[in-house]
Amino acid sequence: MREGHILGQVHAIADVTPNKDNYWQFQVHYVGYGLFDINDHYRSFEAVLSSTSPYIHAPLEFIEFISANMKSVEESKSGDYIVDCNQRVLGKDILFFVNGGRVSLKALYYTMRDPINPKICALRIRPLAEGEDRWILGIPFLEAVDVCLGLKSKTIVFGDRDCNA
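My numbering numbers the first residue of the sequence shown as 7 and each following residue consecutively.
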């Protein structure tokens, strides 16, 4: 994440939603998964950018939907959803629709290969904490999407190139 202007193509610009914690919080109009449109279930929610969370945190129903489509075989004792490693390349994009723009997250970013046993792969998505309704877009999201934070303009620009400081 960098302060400044985007150099490449802009995919979406979000206004920062005022919040008591001063998070980089914004509204997502809906989220989709590949060709499946699940926006009826996930319309208009708040999301927070987090450079400290190693996961994306989303509603359990969303995780179960994705894991079923990725041929998830089980949930591990640590809470990871184990998926077919081929899905890291073949899996569908998660699409976030923000202010008329679309921000894509490829499966390579929202899945991971186990560092000890590379034949095991898992989702980098965890359920929201109890009572929380804001999605947390952690490191997997920030690795996949170039994000420019407008400190003065209170906007977040999602693009495909680095920001110019």
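Ideal Cβ positions, reconstructed from N, Cα and C, are used throughout, including at glycine.
My understanding is that residue i touches residue j, with C-beta atoms under 8 Å, so please give their C-beta distance in whole angstroms.
{"i": "V89", "j": "A128", "result": "6 Å"}
{"i": "H63", "j": "L134", "result": "5 Å"}
{"i": "G107", "j": "M76", "result": "So it is not a contact: roughly 26 Å between Cβ atoms."}
Judging by CA-CA distance, which residue of the options is the nearest neighbour of residue i?
{"i": "R130", "options": "V54, R140, S84 and V163", "result": "S84"}
{"i": "V109", "options": "P24, G97 and V163", "result": "V163"}
{"i": "P65", "options": "Q31, D27, G165 and G137", "result": "G137"}
{"i": "E52", "options": "L148, F68, G165 and N25", "result": "N25"}
{"i": "Q33", "options": "C154, D139 and K158", "result": "D139"}
{"i": "E67", "options": "N123, P124, W141 and G165", "result": "W141"}
{"i": "E81", "options": "Y116, C154 and R132", "result": "R132"}
{"i": "G165", "options": "E70, S159, N123 and L111", "result": "L111"}
{"i": "L143", "options": "Q31, K158 and N123", "result": "Q31"}
{"i": "P146", "options": "T117, P124, I69 and E70", "result": "T117"}
Excluding the 5 residues flanking residue i on each side, which residues of the same chain have their C-beta closer than 7 Å to its C-beta?
{"i": "T161", "result": "I19, A20, D21 and V22"}
{"i": "S73", "result": "Y87, V89 and L129"}
Excluding five sequence neighbours on each side, which residues of the same chain lie with their C-beta closer than 8 Å to the C-beta of residue i?
{"i": "G126", "result": "For the sequence presented, residue 126 should be read as Ile rather than Gly. Cβ within range, chain order: I88, C91, R119 and D120."}
{"i": "L49", "result": "One point to set straight first is that residue 49 is Arg, not Leu, in the sequence displayed. Answer for R49: H35 and Y36, listed in chain order."}
{"i": "I69", "result": "Y87, L129, I131, R132 and P133"}
By Cβ distance, which residues of its chain are closer than 6 Å to residue i, with the 5 residues on each side in sequence left out?
{"i": "Y29", "result": "V54"}
Taking contact to mean at least 3 C-beta pairs separated by less than 8 Å, is the segment 89-99 in contact with the segment 49-61? no
The segment 102-116 touching the segment 33-41, judged by at least three CB pairs closer than 8 Å: The answer is yes - the segment 33-41 touches the segment 102-116, with three or more Cβ pairs under 8 Å.
Enumerated in chain order, which unbroken segments of the alpha helix (DSSP H) with a length of 4 residues or greater are wholly contained in the segment 90-164? 93-96, 113-116 and 145-150
Suppose only complete runs of 4+ residues qualify. What are the alpha helix (DSSP H) ranges in the segment 47-92, listed by chain order? 66-75
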